[in-house]
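Trainee: Residue numbers (my numbering), protein chains in the order written: chain Z, 556 to 668; chain D, 13 to 122. Beta carbons are placed, not taken as given, at the ideal position from N, Cα and C, and that holds for glycine.
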Amino acid sequence: SQTIHQWPATLVQPVGSPLSLECTVEGTSNPNLYWYRQAAGRGLQLLFYSVGIGQISSEVPQNLSASRPQDRQFILSSKKLLLSDSGFYLCAWSNGGAQVAIYFGEGSWLTVV
Amino acid sequence: GIQVEQSPPDLILQEGANSTLRCNFSDSVNNLQWFHQNPWGQLINLFYIPSGTKQNGRLSATTVATERYSLLYISSSQTTDSGVYFCAVGANFGNEKLTFGTGTRLTIIP
């Protein structure tokens, strides 16, 4: 069966420091991969998605970036964190194609201080 | 883009009660999914249901695409059902442009 893991689970970072969140999927090949952010409140906002290695689509302009160095690895990065980057970050995957469900990782809590 | 509205925003029920959560959307969709976010933040996919009815144990969901709404039914609620329930919709068949509602926070009291 397929599994998705992301880490670290929690981190506290000072303003201006770099960020790297990592996500890996097991048990499938060529998945679509996604990074979402859930800020204070409830809504989930799509940040990036990828349909293949090196293919990244950005949904929201910001100081974050994403990379997909391997088929089942998705990384969310920042060179300099802002206070507004605090939130709950969720990685997700789905099979390519139509009419398929999306599945989320455990999430990473980021607090920028 | 598509607007998604969930109701009620908050719901408090006694254990054993039944509940109905609603998701209204503003345009035609080809993708609709329901999720449960537990108190630890884990987001679990409950149903992929752009149309029709599905059941999984005590949970069932119905989407009436022509009338632009979906309902999630929870029967015989348990404390583990507590959390936030989200619906997410998309005009495309894929997951690239899902729009999430703001959720219904369900609290089940023992």
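For Pro-563/Z, which residues of its own chain have a beta-carbon under 7 angstroms away from its beta-carbon, when the five flanking residues on both sides are left out?
Mentor: If we look at Pro-563/Z and ignore the five residues flanking it on each side, its Cβ neighbours are Ser-663.
Trainee: Residue range of the beta strand (DSSP E) that Glu-577/Z falls in?
Mentor: Counting along the chain, the beta strand (DSSP E) containing Glu-577/Z begins and ends at 574 to 581.
Trainee: When you compare only the Cα positions, how much space is there between Ser-605/Z and Phe-105/D?
Mentor: Each residue's alpha carbon lies about 16 angstroms from the other.
Trainee: Taking 8 angstroms as the cut-off, does the stretch 583 to 590 of chain Z touch the stretch 643 to 657 of chain Z (at least 3 CB pairs, one atom from each stretch)?
Mentor: Result yes; three or more Cβ-Cβ pairs closer than 8 angstroms.
Trainee: Does any residue of chain D bring its CB to less than 7 angstroms from the CB of Phe-603/Z?
Mentor: It does not: the Cβ of Phe-603/Z has no partner Cβ on chain D nearer than 7 angstroms.
Trainee: Between Leu-566/Z and Gly-582/Z, what straight-line distance do the alpha-carbon atoms span, to the nearest angstrom?
Mentor: Spanning the two alpha carbons is a distance of roughly 27 angstroms.
Trainee: Does any C-beta atom of chain D lie closer than 7 angstroms to the C-beta of Gly-662/Z?
Mentor: Closer than 7 angstroms to some Cβ of chain D, the Cβ of Gly-662/Z qualifies, so yes.
Trainee: Closest Cβ-Cβ distance between Tyr-81/D and chain Z: below 7 angstroms?
Mentor: Chain Z, which has no Cβ nearer than 7 angstroms to the Cβ of Tyr-81/D, makes this no.
Trainee: Please name the residue or residues paired with Arg-117/D in a DSSP beta bridge.
Mentor: Per DSSP, Asp-22/D, Val-96/D.
Trainee: With DSSP as the reference, please indicate the residues paired to Trp-590/Z in a beta bridge.
Mentor: Paired residues: Phe-603/Z, Cys-646/Z.
Trainee: For Ala-621/Z, count neighbouring C-beta atoms within 10 Å of its own C-beta (all shown protein chains included) and say buried if the count is 16 or more, exposed if not.
Mentor: Result: buried.
Trainee: Strictly under 7 angstroms for the Cβ-Cβ distance: is Tyr-60/D near chain Z by that measure?
Mentor: Chain Z, which has a Cβ nearer than 7 angstroms to the Cβ of Tyr-60/D, makes this yes.
Trainee: Check whether chain D comes within 7 angstroms of Tyr-658/Z, counting only Cβ atoms and requiring the distance to be less than that.
Mentor: Closer than 7 angstroms: yes.
Trainee: In the structure shown, what three-state DSSP assignment does Ala-77/D receive?
Mentor: Of the three classes helix, strand and coil, the one that applies to Ala-77/D here is helix, per DSSP.
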